[in-house]
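Chemist: Numbering of the sequence shown is given in the working numbering, commencing with residue 5 and proceeding in unit increments.
Using N, Cα and C, we set each Cβ at its ideal position, and we do this for glycine too.
Owing to the predicted nature of the structure, the values given are computational and were not obtained by experimental measurement.
Got a structure here, written out as structure tokens. Questions coming.
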Amino acid sequence: MTPTKVTFDPRVRESLNLFVRALEVAAGDAFIVSILLLSDDGRRLGCFVAPSLPPAFCDAIEGEAIGPAAGSCGTAAWLGHEVYTHDIESDPLWVRYRELALRHDLKSCWSTPILNEANEVVATFAIYHRTPSSPSSAEVDAIRLAARALLPLIEARSSARRPGP
């Protein structure tokens, strides 16, 4: 595992944390939300905004490579489209991370890539449940809306890193 170095303005991270926590609280803490940012080289996910995910889980997957069988988030980033895992215990995308997820009582994960204007993945937005579950069509719509709403904050993080004129 290679650590991912993605920089951002601390105010952006705080805004993302508040957004995520508001979603979790609005749902009665029925799920856990994470936002993973794609590294500058486009190969790894890191810089978690996941206030309710167990820190040991976040630490273990920090900087992991995206790919065709990299859990829900790594695969969603690789494919550029949603990956909804109903049951982590039996899903082949989770072979590498299955024991880790189950140890932290994470049973399903619905991940959506956050795409920029050029249709490139810049991050993933994920919802974890403690029971196997699949999103309803209304939940899919809400997830897509949340992912689009996050893009300006993700882009603010990107522009904060670029030197000025």
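(1) So, helix, strand or coil for serine 140, using DSSP?
(2) Is the beta carbon of cysteine 77 closer than 8 angstroms to that of alanine 130?
(3) Taking valine 16 as part of the alpha helix (DSSP H), name the residues at either end of that continuous run.
(4) Might you give, ordered along the chain, the residues of its own chain that have their beta carbon closer than 6 angstroms to the beta carbon of threonine 6, omitting 5 neighbours on each side?
(5) What is the residue span of the alpha helix (DSSP H) that phenylalanine 61 lies within?
(6) Counting only the same chain and skipping the five closest in sequence on each side, list residues whose C-beta sits under 6 angstroms from that of histidine 108.
(7) Would tyrosine 132 pass as a contact of isoleucine 36 if the rule is Cβ separation under 8 angstroms?
(8) Distance check for threonine 135 and lysine 33, CA to CA, integer angstroms please.
(9) Quick check: what's the CA-CA separation for proline 228 versus leucine 20?
(10) Can you give me the start and stop residues for the beta strand (DSSP E) that leucine 41 sits inside?
(11) Looking only at DSSP bridge pairs, what is serine 77 linked to?
(12) I need the boundaries of the alpha helix (DSSP H) containing tryptophan 105, first residue and last residue.
(13) Taking the straight line between their C-alpha atoms, what separation do you get for leucine 106 and tryptophan 98?
(14) With a threshold of 7 angstroms on Cβ separation, who are the neighbours of aspartate 91 within its own chain once the five nearest residues in sequence on each side are excluded?
(15) So, helix, strand or coil for leucine 49, using DSSP?
Modeler: With the given structure in hand:
(1) One-based indexing of the sequence shown puts residue 140 at position 136. Residue state, collapsed to three classes: coil.
(2) Here the question's residue 130 lines up with position 126 in the sequence shown. Here the question's residue 77 lines up with position 73 in the sequence shown. Contact flag set, yes.
(3) Walking along the sequence shown from the start, residue 16 turns up at place 12. DSSP places valine 16 inside the alpha helix (DSSP H), whose first and last residues are 14-30.
(4) For the purposes of this step, residue 6 is taken as residue 2 along the sequence shown, with counting starting at 1. Low confidence applies here, because threonine 6 scores a pLDDT of 46, under 50, leaving its location unreliable; read the following figure in that light. Result list for threonine 6: Gly67, in chain order.
(5) The sequence position of residue 61 within the sequence shown is 57, counting from 1. It spans 59-65 - the alpha helix (DSSP H) in which phenylalanine 61 sits, taken as one unbroken run.
(6) Here residue 108 refers to the residue found at position 104 of the sequence shown. Cβ within range, chain order: Pro58 and Phe61.
(7) Taking the sequence shown and counting its residues from 1, one reaches residue 132 at position 128. Taking the sequence shown and counting its residues from 1, one reaches residue 36 at position 32. Closer than 8 angstroms, so yes.
(8) Your numbering for residue 33 matches position 29 in the sequence shown. Your numbering for residue 135 matches position 131 in the sequence shown. The amino acid occupying residue 33 in the given sequence is aspartate; lysine does not appear at that position. Within the model, the alpha-carbon separation for aspartate 33 versus threonine 135 is close to 13 angstroms.
(9) Outside the displayed range of the chain (5 to 169) lies residue 228, so it cannot be described from this structure.
(10) Locating residue 41 in the sequence shown gives position 37, where the first residue counts as 1. 36-42 is the extent of the beta strand (DSSP E) around leucine 41.
(11) Locating residue 77 in the sequence shown gives position 73, counting from the first residue. Correcting the residue type first, residue 77 is cysteine in the shown sequence and not serine. Note: cysteine 77 sits in no beta bridge, so no partner.
(12) Locating residue 105 in the sequence shown gives position 101, where the first residue counts as 1. The sequence given here has alanine at residue 105, not tryptophan. Here the alpha helix (DSSP H) through alanine 105 covers 102-107.
(13) Counting from one through the sequence shown, the residue named residue 106 turns up at place 102. Counting from one through the sequence shown, the residue named residue 98 turns up at place 94. Spanning the two alpha carbons is a distance of roughly 10 angstroms.
(14) Taking the sequence shown and counting its residues from 1, one reaches residue 91 at position 87. Within the same chain, Cβ atoms closer than 7 angstroms to the Cβ of aspartate 91 are found at Lys111, Ser112 and Pro136, the five residues on either side in sequence being excluded.
(15) Here the question's residue 49 lines up with position 45 in the sequence shown. DSSP places leucine 49 in strand when its eight states are reduced to three.
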